[in-house]
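Chains as they are written, first to last, in the numbering used here: chain A, 1 to 592; chain B, 1001 to 1592. Just so it is clear, CB atoms sit at the ideal spot from N, CA and C, and this is done for glycine as well. Just so you know, these numbers come straight off a predicted model, no measurement behind them. Here's the structure, in structure tokens; my notes come after.
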């Protein structure tokens, strides 16, 4: 069963995004179309031969806590090691760190393939990369040398240990304590952490937690949070570092990845090693979290893509019913893909998954430019990425809950059974609006921070980039109308934002009350923009008489679908955002 | 944990719907507020003491096929028998059938409580009622006497056996064969049926299938389908009737109810007994199916309600974060219910679940009037119910997938774990847009049949009833504005329908291409209407100075929420329905 389209990924990277432009930067200069293609081919091979075959099994054979240790699917050990040996974990890092200086965009594209194949399995190396990235960026030489080689090799698992029972969305309230010891940089850690992905399992020799904690006497709130490396086993002697696994969470989906509840230092025997400066932990974490957030959007798009292709395959094969007006029961039934409503359900999935993939790769490229570029270009890329991050995290996450639901619907009763993978995709998609910041949190981030930072400079960049695409489309007769339509929506969006801005200082609660709706509103605009971009690229090929007509026509149809069925939702959201009635502010607890 | 609100159910039935009006009909004349309350109390007691305690267990301990028999949770036997002994299965039937002539509205209200407590458990008696209803309505005396008493008693399970591998949505293509025997009315049945709910289990002594099959030589298509009673065991001697269980489906949710794959007459040993006349099976089935469809809407609303109350309880208790602008970490965190975005998520759930419950009970009352009334009133009630049925089935089904998702979101990470019931509700809600006709099928039913039948008479009735409510609201200063707003939406909806009607004969494919969107569009209108009705009832109490201020204020707030956040969606849907671009018709299979 196909779980993604290599043809589309090629289009996204090389035709639409022009990813080869990145090789013009000094940092990426050794790369070429050949190295990029090798990365994609290698990813596809692992995905097809190692990850996808375990998709169902890993869902059925959940991690279990056995004698204080989480037992995971036996197949994962080999996979994690393979990720290490093949250089995936540190692929984007510099040569002198053993990396390949691979652009993040390519790493994300490979991740997309892994996630579409088996989301649970893809989580392990991804977390190790994130944790190692924190150590190599903010840690001293000793920490780097002690911890990163085995992480890069896939021998040790990395984690991000943030959440506590009383501190989930509100990280400022975390209370895990760090007590100084005689040795500089070494602290005794004590507390508990919950929902720690891959926080313990039996496929690696050690687990390296990048853990937030509060040094004794530090200020309250976010200003008193520090970052520590806390290994499960002491590196010096391989003995327990008093990080005990209290439990494993059983959950609705992505069951193949264990989520642990950890007790740290219950026996006063846990050592943690300070990363960077004291009290700067949250800012370190947030610098990395932005990448992780775009990554979550990618997870969602990937799962949505796998569900789309599963439902597409079914729709082509399943005969049921006849054309409207054709009721002759002696005639054979037609494949359901010929029904308009089924095509609508497929176009919905295709337009959301390919539209979000386009945005996510665009964001990844911004990240690469922010890293490898310089001057104004670098600064603008970073700023625009900052603005787009809550959208890139949340819109795919929310929408792929709906597209996977639509995939189930295409299969009908069959889709609800475990005989097909779509029900699993439906369950797995549901985590993404929650982890790495809930959708509500990202709404507040976008409207409360990103839209107003530097006097709205990021927002203006966003508008400028969309306007460029509109201008280009207006020069092409076949899609001129769509360019003009998006221009109207963009203008109206600017009016809406202007209206909201009048409330910023006057009534901050009212300003932010519908931040989640604003996030969706902006998300639709961003994806409509990405569809106009893709349509420009496709139309250029059609105008040239490219023989691969069907592929490009599909892109044009998705543009039309998205504008007709999704873009119009901005009308409803915009109306609400302009309204003055505030039931969510006036509602009282005892009225529910 | 509360899973529904008795206060709201009382409001819905006695204040808003004025259900006591039904006791004016001869058929219901023995009933009174006391008998109705007894029914509700009895339902609540079973739900709380028998059904809810098994909710989680039945999800974890799935039905299994053991030696050709489906083994279900051991607790179900007692529950099914209790439903029988307490008279729930035939409660709505006439006195001379051992029933209580209970209005369907009360039976549905009781069902709502059962379904909110444990949807899987509620399915068993519900199916037996449906099957028995077909026998007693269309079967001869012998069939009635042979089969219904043990079904009423909860000793025998009833089922609806329609679906086949090649005939799901397209029932006209079913191919199970019935060969006449020497005995009149007795046929040899041969074929297979899939997705048969409660098609086999070990909690009853026999399973009585109401099965669609084609008598040898019958016309092709829907005109050649007959209805049979096909018991699992012969009644005469208790021996096998050659209905073999080939498999049990494993599915995403409502795992407590077994769904069977049945082989019928594989050994040429299956007898079926014709119900009513030959070749009229589908019309018999459809007369019953309408009730079942409103029932599915109720299932969805009930599961949505249980999820709403679970998330409400959590939101009141869970401290996290602080008010906007208040960042002082030395102050305690506030319960999340105080955040505007959480209130929005709760108001969404409340407005959808109470709004759909209102519509569903309204439809049930129409059914009672269509049954017990006469003349014009009876005819109009039947016609309006016919029109509303696809909406009452589909809008709650689709929307409660979203409200249960929102319930998960309110709990955040906790909601994704199996430590809380919301993830189960999310999985269980997902079946309803599929069974008893997919949403797509109901869209075609509404736009292709119901909207145009009798020259649009049913549609006109719908508009008339909404207009009455608007007129009433416009007389009440507090909600006059909402009455006027709905009036504008109603007028625009009539224009939209008028526009669609221009396509009926000219281009039937274009007319029906967006039938699913039309269904949603009409659904929003119907629920906005129900909210205006509820608000009128609530405002009357507030105007009278009713001391129970909080409850009624909650209703007014929901009206405001629904109009601000949901009604506006008609703007987007309406724009699409008026548009001429038809990507779902033009899209080609090989362009995907």
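One thing to note: residue 1173 (chain B) has its Cβ within 8 Å of the Cβ of residue 329 (chain A).
Inclusion of residue 1561 (chain B) and residue 1347 (chain B) in the CB contact set at 8 Å is warranted, their separation being smaller than that value. Interface annotation, residue 1579 (chain B): in contact with chain A, CB-CB separation under 8 Å.
Under the 8 Å Cβ criterion, the segment 45–54 of chain A counts as touching the segment 110–122 of chain A, having at least three qualifying pairs.
The contact set of residue 1320 (chain B) on chain A, defined by CB atoms closer than 9 Å, consists of 166, 167, 168, 169, 170, 173 in chain order. Of all alpha-carbon atoms in B:1491, B:1444, B:1146, the one lying nearest the alpha-carbon of residue 342 (chain A) is that of B:1444. Non-local C-beta neighbours of residue 292 (chain A) in its own chain, meaning closer than 7 Å and more than five positions away in sequence, comprise 130, 436, ordered along the chain. DSSP places residue 172 (chain A) within a helical segment (H, G or I) once states are collapsed to three.
Counting along the chain, no alpha helix (DSSP H) covers residue 67 (chain A), and no H or E run does either. Residue pairing by DSSP places residue 271 (chain A) opposite A:188 in a beta bridge.
Distances from the CA of residue 382 (chain A) to each of A:71, A:170, A:115, A:454 were compared; the closest alpha carbon is that of A:454.
Within chain B, the residues placing a beta-carbon under 7 Å from that of residue 324 (chain A) are 1508, 1509, 1512, ordered along the chain.
Interface annotation for the segment 261–273 of chain A against chain B: empty, criterion Cβ-Cβ distance under 9 Å.
Only those residues of the segment 203–236 of chain A whose C-beta falls short of 9 Å from the nearest C-beta of chain B are listed: 219, 220, 221, 222, 223, 224. Under a 10 Å Cβ-count criterion, residue 245 (chain A) is classified as buried, with 16 or more other Cβ atoms of the shown protein chains found around its own Cβ. Judged by DSSP secondary structure, residue 1476 (chain B) falls outside any alpha helix (DSSP H); it is assigned neither H nor E.
For the C-beta of residue 293 (chain A), not a single chain B residue is nearer than 8 Å; the gap to the nearest is close to 16 Å. Closer than 8 Å to the CB of residue 1496 (chain B) there is not a single CB belonging to chain A. Taking the Cα positions, residue 1592 (chain B) is about 37 Å away from residue 378 (chain A). Residue range 1156–1161 is occupied by the beta strand (DSSP E) that includes residue 1157 (chain B).
About 17 Å separates the Cβ atoms of residue 1321 (chain B) and residue 195 (chain A), ruling out a contact at the 8 Å cut-off.
For residue 1 (chain A), the number of other beta carbons within 10 angstroms of its own is below 16, and it is reported as exposed. When CB distances to chain B are screened at a threshold of 7 Å, the residues of the segment 406–423 of chain A falling below it are 408, 409, 412, 413, 416, 417, 418, 423, in chain order.
With contacts defined by Cβ atoms closer than 8 Å, residue 1117 (chain B) and residue 1305 (chain B) do not form a contacting pair. At a cut-off of 8 Å between beta carbons, residue 504 (chain A) makes no contact with chain B. In chain order, 1589, 1592 make up the part of chain B whose C-beta sits under 8 Å from the C-beta of residue 337 (chain A). Think of a sphere of 7 Å around the beta carbon of residue 1571 (chain B): the chain A residues whose beta carbon falls inside it are 571, 572, 575, in chain order.
Taking 8 Å as the cut-off, the beta carbon of residue 1127 (chain B) is found closer than this to the beta carbon of residue 1160 (chain B). Flagged as an interface residue toward chain A: residue 1347 (chain B), by a C-beta distance shorter than 8 Å.
For residue 438 (chain A), the nearest CB of chain B lies under 8 Å from its own CB, placing it at the interface with that chain. In the displayed model, residue 195 (chain A) falls within a strand according to three-state DSSP. Annotation for residue 53 (chain A): no beta strand (DSSP E) segment contains it, and DSSP assigns it neither H nor E.
Below 8 Å, enough C-beta pairs join the segment 181–195 of chain A and the segment 207–216 of chain A to call them touching: three or more.
Only exposed fits residue 239 (chain A), as fewer than 16 other CB atoms lie within 10 angstroms of its CB.
Taking C-beta separations shorter than 6 Å and ignoring five residues to either side along the sequence, the partners of residue 337 (chain A) in its chain run 315, 316, following chain order.
Bounds of any alpha helix (DSSP H) do not take in residue 1319 (chain B), whose DSSP letter is neither H nor E.
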